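See below for the structure under consideration.
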Amino acid sequence: MESKNGAFQRRSSPIPSIICPLHLLGTLDSGQTCGRISTSSLQNKAVSPLELFMNRWERFQEISLKVARIGAPIMLTLGTIFSGLLIGYLISEVHSQKQLKFLVGYEPTPPTRLYDRDGRVFAELYRQRQELIPFHTIPPHVVHAFLSTEDDNFFNHFGIDIPGIFRAAIKNLLAGRVVQGGSTLTQQLAKQLILDAEGSRNRTFNQKIRETVLALQLEEELSKEEILEVYFNIIYLGHGCQGLACASQIFFKEKVPDLTLPQGAVLARMPKAPVDYSPFRNPRKAMEQHKVILNLMANDGIIPEEDIERIHKNFWREYWVQVVVEYPGQTTWGQKLYKAPYFTEHVRQILEANPSIGEEKLYGEGLRVYTTLDLIQQEVAEEEIQKSLKRVNVGSPILRQDVYGYTAKDPRSLFRKGLEDSSDLDALQLLGYVTPNWNPTVAVEEFRAQSVNYRTNTQVQAAYISIHPSTGYITAMIGGADFSPRNQFNRSILAKRQPGSSFKIFVYGAGIEQRAINTSTGLNDLPFALISKTGRVWDPSNYSEGFSGVVPSKTALALSLNTCAVQTFFRVGAEPVIDLSARLMKIKDRARFNPDPAMALGASEVTPMEMAMALAIIGNKGKDVIPFAIRYVTDSDGNVLYNKEAAIRKIIAIKTQTGQIQVIEPALAYIMRDMMEEVANAGTAQAGLRSYQHDGGLFQGDFAAKTGTTQQWSDAWLVGFNPDFAQAIWFGYDQGKFSMGGRWAGGSLAAPTVGRIMTSYYRRARRDAPRFDRDRPDGIAGADCNGMALAPVEEDGERIEAPTDGVCANDPNLKIYDQRELIMKEFGITKEDLGLEEWERLMFKYENLEQKRKEREQRIKEEKMGIDPDKKPDEKPAEQ
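Numbering-wise, my numbering puts 596 at position 466 of the sequence shown, and it's gapless, one number per residue.
Given below as structure tokens:
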């Protein structure tokens, strides 16, 4: 209320004295209210501050005694009532057995299984690996190790250990921190069961009550041995392991019945802190805790106290050298059923990102994923690629990586630090024996000497992908030399590399499509040079470093003649080549193609998937192909959750109805296939595919292919197809600046690998390789020397017709043309325009070149016949 002078004052409001705190403290006189108390009222009392305090303290004591006499019985009564209600609730819940629903028909969370196209399981996906084992298979010393660690009074309590709770409370109070828990093994089991069922980690009061109820129910309904059996099957022991069976395998590579006492002591510490006490993550701490567990077992009379040190030292002397080189982040993923790791990872990423599946269903509901994989082809491809990698990696560069910047008194810590921080940790998993040394210098030297320490980018990698041309099924996928936590980059679908001469199929294909050439058009294989405006000279040469003169375009592709590919590029132009390449490989960003002559030799970067997709379309008679890996997904009851195959079939059907199904004309696909068959039968791929040469595969079935090798032998390719598979295989380093060496080209490395894959596949599949359809489609015109071209077409009233003249392969009457003479012929330039003297000089040069070519061919023939061309024939003896 506002006073007369305008200031606000608090109005005294009477409060019943029975609830006024000032009455309780004795501050107010009888009848005084709980309003504002002025200092003057205190000053009127003739008492000192000390006397006032003592009076109030005596009054407070009197009131406290009154409250205690009245409140204690009330609080005791309320506590008794609450305790009775709680105990009654617990008894009711225990007898109701509602919480035991967690154990009714308990089964481990089933993994999601991946099936190949023939219904064979090849991979499993799960977060935690679990395998049920009966109690009688667990060695007694392992059981005792866990009981000594987690619950030494297990066989004497009823689920809740009251004395144990008080002992833990006293120990924690004396230590000033939590050093011992009071929960029993049964309570831990109850907690894990509720967590598995609901996934909630919230430690609410309600959940604690539920855990207590379930623990009591377990004790009432199950025997102690049955409780232990459930416990050992569901307890989480780290690294993705749920249950003792998984942990024994990942930590010791042992089955449960074979676990030793010291091994059981290692595992017994894991439930408390699976990460902190993991021998893989913290071997030093695990070793310390191992001794603690052995002491606990000795206290319980399980082992003699005098044996502790011996057991501890003997075990770690052997186990340390194994565990110290294990990958710290290792999980059960490294030991799962995982026969096609790159393909499986590709599928997993798709399903996780799919709204109708997602992570929860993928890892928690035991889905069935039916894929396009052909497991036989996948396994054969992995085997044969590994054989080739072994060949090419012999003598390959290996970089040692030194360990700098680490100091430690304990060299084992130094060793471990270097190991954990090394980018080559996975390579170290291959080691069978590494011994820590107490001399730091020796330890580091030992680390260097015994580590197979090379980076993935200094190891030859490989990529392989296969697509079924008529369905789009991805039947095999390999993304690298090996699949590991540090080498999961899937090069088959992500790595953009120069394809080398394998790109020439698009150059000649564009020439055919634009009706600039036919398959027998004569191309002049002779040296030439291009000079840019900046004065840069580019003079392409062939892989063999020789020249063949005039050859048919089909032969030029088969022999992979660079000069002829560049000539064809000039005839066609950059845009048609880019257009055809982009359509077949489904590349939307055409800026990826550099429109200069080097593109004709494979200077633009593409992925193996893009190359395989292009060949699949060619192999599908020019019809569109949509590659995919997942056919459909069902839940555990067979209900379809996702059907990619049906969606793709619908798209293909719509494209067929609307006339958009043809990416290229069937006639063009037929001609391109015919030219590529020449590569496989009489060209650069023939030796590797069809013979024993280069460890080839002796594959005799129909096949169309093209090899590719980039400068300095950095990349080796083969792309090819038959009616079953359109394939692309690549070998090389991740860093293109490294060379594999002159021995390793597309024809000598990639082609033999594919040849072996095809031969082994059909042998294992027990069927014959299919044949190509030889019926010529409409739209093909003939040419000289059995050549083929596209039939003439009318565009904007103009008739566009491919040339019909050509040259026959191995024609002895072929004339050798200079590039300038070809230009004179096409553009009407005379010798005088070029300069007669210069012309004659050039012609003399090329005549000598032709003579050298013939001499070289003769030399090669003699070498094949076993004749030494450098050895002079024996002279006749002089006449006597």
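We treat Cβ as the ideally placed atom computed from N, Cα and C, and that holds for glycine.
Nothing here was measured: the structure is a model prediction, and the numbers come from that model.
{"Query": "Considering only the alpha carbon of each residue, which of Val343, Ile647, Asp388 and Glu280 lies closest to methionine 918?", "Result": "Ile647"}
{"Query": "Is DSSP giving valine 793 helix, strand or coil here?", "Result": "coil"}
{"Query": "Please name the residue in Gly641, Gln830 and Gln865 whose C-alpha comes closest to that of glutamate 931.", "Result": "Gly641"}
{"Query": "Count Cβ pairs between the segment 771–779 and the segment 484–501 that sit closer than 8 Å; are there 3 or more?", "Result": "yes"}
{"Query": "Let's see if you can read the secondary structure: which residues bound the beta strand (DSSP E) around aspartate 926?", "Result": "Aspartate 926 -> no beta strand (DSSP E), and no H or E assigned at all."}
{"Query": "Exposed or buried, what is alanine 659 when buried is set at 16 or more other beta-carbons lying within 10 Å of its beta-carbon?", "Result": "exposed"}
{"Query": "Specify, as a first and last residue, the run of the alpha helix (DSSP H) that aspartate 908 falls within.", "Result": "No alpha helix (DSSP H) contains aspartate 908, which DSSP labels as neither H nor E."}
{"Query": "Any contact of the segment 591–600 with the segment 851–867, i.e. 3+ C-beta pairs under 8 Å?", "Result": "yes"}
{"Query": "Using a C-beta cutoff of 8 Å, does glutamine 628 count as contacting chain D?", "Result": "The displayed structure is made up of one protein chain only, and chain D is not part of it."}
{"Query": "For aspartate 504, is the classification buried or exposed, using 16 other Cβ atoms within 10 angstroms of its Cβ as the cut-off for buried?", "Result": "buried"}
{"Query": "Since isoleucine 365 contacts alanine 398 with CB under 8 Å, what's their CB separation in whole angstroms?", "Result": "Actually they do not touch by this definition, with Cβ atoms about 11 Å apart."}
{"Query": "Starting from the N-terminal side, write out each stretch of the alpha helix (DSSP H) that is 4 residues or longer and does not extend beyond the segment 718–749.", "Result": "738–749"}
{"Query": "Once DSSP output is grouped into helix, strand and coil, what is the label at tyrosine 449?", "Result": "helix"}
{"Query": "Nearest-angstrom Cα distance between arginine 761 and methionine 743?", "Result": "18 Å"}
{"Query": "Looking only at C-alpha atoms, which of Gln842, Gly885, Asp898 and Arg904 sits nearest to alanine 1033?", "Result": "In the structure displayed, the chain extends from 131 to 1010; residue 1033 sits before or after that span and is not available."}
{"Query": "Return the bridge partner residues of alanine 835 from the DSSP annotation.", "Result": "Gly850"}
{"Query": "With distances taken from CA atoms, which of Asn617, Ala611 and Pro409 is nearest histidine 369?", "Result": "Pro409"}
{"Query": "Looking at the unbroken alpha helix (DSSP H) that takes in isoleucine 597, where does it start and where does it end?", "Result": "Where isoleucine 597 is concerned, there is no enclosing alpha helix (DSSP H), although the beta strand (DSSP E) it sits in stretches over 591–597."}
{"Query": "In three-state terms, what does DSSP make of glutamine 865?", "Result": "coil"}
{"Query": "Starting from the C-beta of asparagine 412, find all residues in its chain whose C-beta is less than 7 Å away, skip the five residues before and the five after it, and write them out in chain order.", "Result": "Asp406"}
{"Query": "Please confirm whether methionine 607 and tyrosine 500 have their CB atoms less than 8 Å apart.", "Result": "no"}
{"Query": "Specify whether the segment 698–708 and the segment 617–637 touch according to this definition: at least 3 beta carbon pairs, one from each stretch, less than 8 Å apart.", "Result": "yes"}
{"Query": "Run through the segment 325–411 for me and flag every whole alpha helix (DSSP H) of 4 or more residues, listed as ranges in chain order.", "Result": "335–351, 354–364, 374–382 and 391–398"}
{"Query": "Which of the three DSSP states, helix, strand or coil, is assigned to valine 499?", "Result": "strand"}
{"Query": "With DSSP collapsed to three states, give me the class of serine 890.", "Result": "helix"}
{"Query": "Do methionine 400 and leucine 346 have their beta-carbon atoms positioned less than 8 Å apart in this structure?", "Result": "no"}
{"Query": "Between isoleucine 604 and threonine 279, what straight-line distance do the alpha-carbon atoms span, to the nearest angstrom?", "Result": "52 Å"}
{"Query": "Let's see if you can read the secondary structure: which residues bound the beta strand (DSSP E) around methionine 918?", "Result": "917–920"}
{"Query": "Note down the Cα distance separating lysine 321 from lysine 402, rounded to an integer number of angstroms.", "Result": "13 Å"}
{"Query": "Starting from serine 614, follow its DSSP beta bridges and name the residues at the other end.", "Result": "Asn617"}
{"Query": "Report back the beta-carbon spacing between glycine 609 and aspartate 845 to the nearest angstrom; my notes put them in contact at under 8 Å.", "Result": "At roughly 16 Å, the Cβ-Cβ gap does not stay under 8 Å, so glycine 609 and aspartate 845 are not in contact."}
{"Query": "Using only CA atoms, which one of Pro757, Leu358 and Leu731 lies nearest to leucine 262?", "Result": "Leu358"}
{"Query": "How would you write the range of the beta strand (DSSP E) that aspartate 655 sits in, first residue to last?", "Result": "652–655"}
{"Query": "Keeping to the same chain, check which residues put their C-beta closer than 6 Å to that of glutamine 516; ignore five residues upstream and five downstream.", "Result": "none"}
{"Query": "Roughly how many angstroms lie between the CA atoms of threonine 786 and glutamine 792, to the nearest whole one?", "Result": "8 Å"}
{"Query": "Once the 5 residues before and after alanine 751 are set aside, which same chain residues still bring their CB inside 6 Å of it?", "Result": "Note that residue 751 is lysine in the sequence shown, not alanine. Taken in chain order, the residues that qualify are Pro796 and Ala799."}
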